[in-house]
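Residues 1016 to 1232 in the numbering used here are what the sequence shown lists, from first letter to last. What follows is a short report on a single structure.
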Amino acid sequence: MELSFPRPHVQDTVARHFDDAAKVLVRTAQKCTPAITTAADLIASALAAKRKLMICGNGGSAADCQHLAAEFTSRLSADFQRPGLAALALTTDTSFITAYTNDFDFNGIFARQVQALGQPDDVLLCISTSGRSANVLRAARQALDMGLRVVALTGVAPASDTGRGSAPHLTDIADIAICIPSDHTQHVQEAHLAVEHMLCHCVERQLFGEHGAGDWS
């Protein structure tokens, strides 16, 4: 059976999506570069002091956590050699996550790991497109209470949130907030990946210079 699709419409949709995504990336570079470089400075300083980067988020952001932790502990680029860097995604231990959720509640899955594994001057990177994920907010508060530094990677709150009064948002409590200038979830997620790559790139260069640190394979 041959399916018939309205291909011109689909092509327009694809073109419009990529055009809008490109515009979000340009606005992100314009508006977020100072926060990105400040966050990279903070992470590099922590790693240089033998501290670690912990990363938390839900859904697509959970996948970002694992992706970014892999870039730090392995490497970002094949042409830049350096030792592994201490980065930990708090989204990967399914035995812990299911045990804690079963025994307590889902909103504490990240805070509990911060409490167990975090040390003062570690960095917690909180990834949330909405900035309002309850379990991420709880982890951020736990981290701050323990003397960790908190970086938030979020989007801009949509207009529908303006009536929520004092509803908590990551930008209210984080030490550094990188807020993608869009309320379109997919475009925020796409920009998050670009920011995450730049964080790793900048940290690598700060710690190992422009040409890396030799053969660490």
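Where is the CB? At the ideal position from N, CA and C, for every residue including glycine. Just so it is clear, the structure is predicted and the values come from calculations on it, not from any experiment.
Reduced DSSP secondary structure (H/G/I, E/B, other) of residue i
i: Thr-1109; result: helix
i: Leu-1163; result: coil
i: Ala-1057; result: As written in the sequence, residue 1057 is Leu, which differs from the Ala given in the question. Leu-1057: helix per DSSP, three-state reduction.
i: Ala-1093; result: coil
i: Gly-1123; result: helix
i: Ala-1101; result: coil
i: Thr-1169; result: strand
i: Thr-1177; result: The pLDDT assigned to Thr-1177 is 48, lower than 50, so where the model puts this residue is not dependable; a value taken from the coordinates is nonetheless given after this. Three-state DSSP puts Thr-1177 in a helix.
i: Ala-1192; result: strand
Whole-Å CB distance - residue i paired with residue j, under 8 Å assumed
i: Phe-1125; j: Leu-1105; result: 5 Å
i: Ile-1188; j: Thr-1053; result: Not quite, the Cβ-Cβ distance comes to about 16 Å (not below 8 Å), so this is no contact.
i: Leu-1222; j: Leu-1062; result: 7 Å
i: Gly-1146; j: His-1184; result: 5 Å
Identity of the residue in the options nearest residue i by Cα
i: Leu-1208; options: Val-1218, Val-1029 and Ile-1195; result: Ile-1195
i: Leu-1103; options: Ile-1193, Val-1041, Ala-1131 and Gly-1170; result: Ala-1131
i: Met-1161; options: Gln-1128, Gln-1026, Thr-1169 and Leu-1057; result: Gln-1128
i: Gln-1134; options: Arg-1066, Gln-1221, Thr-1169 and Asp-1198; result: Arg-1066
i: Ser-1143; options: Arg-1220, Ala-1044 and Ala-1078; result: Ala-1078
i: Leu-1204; options: Ile-1112, Gly-1075, Leu-1140 and Asp-1136; result: In the sequence as displayed, the identity of residue 1204 is Gln instead of Leu. When only C-alpha atoms are compared, the closest one is Gly-1075.
- Item | Touch test, the stretch 1031 to 1048 against the stretch 1077 to 1094, Cβ-Cβ under 8 Å, three pairs minimum | no
- Message: Is it the case that the stretch 1147 to 1154 contacts the stretch 1068 to 1079, given that we only count it when at least three CB pairs across the two stretches are under 8 Å?
- Response: yes
- Is there contact here, the stretch 1089 to 1097 with the stretch 1210 to 1223, by at least three beta-carbon pairs under 8 Å? yes
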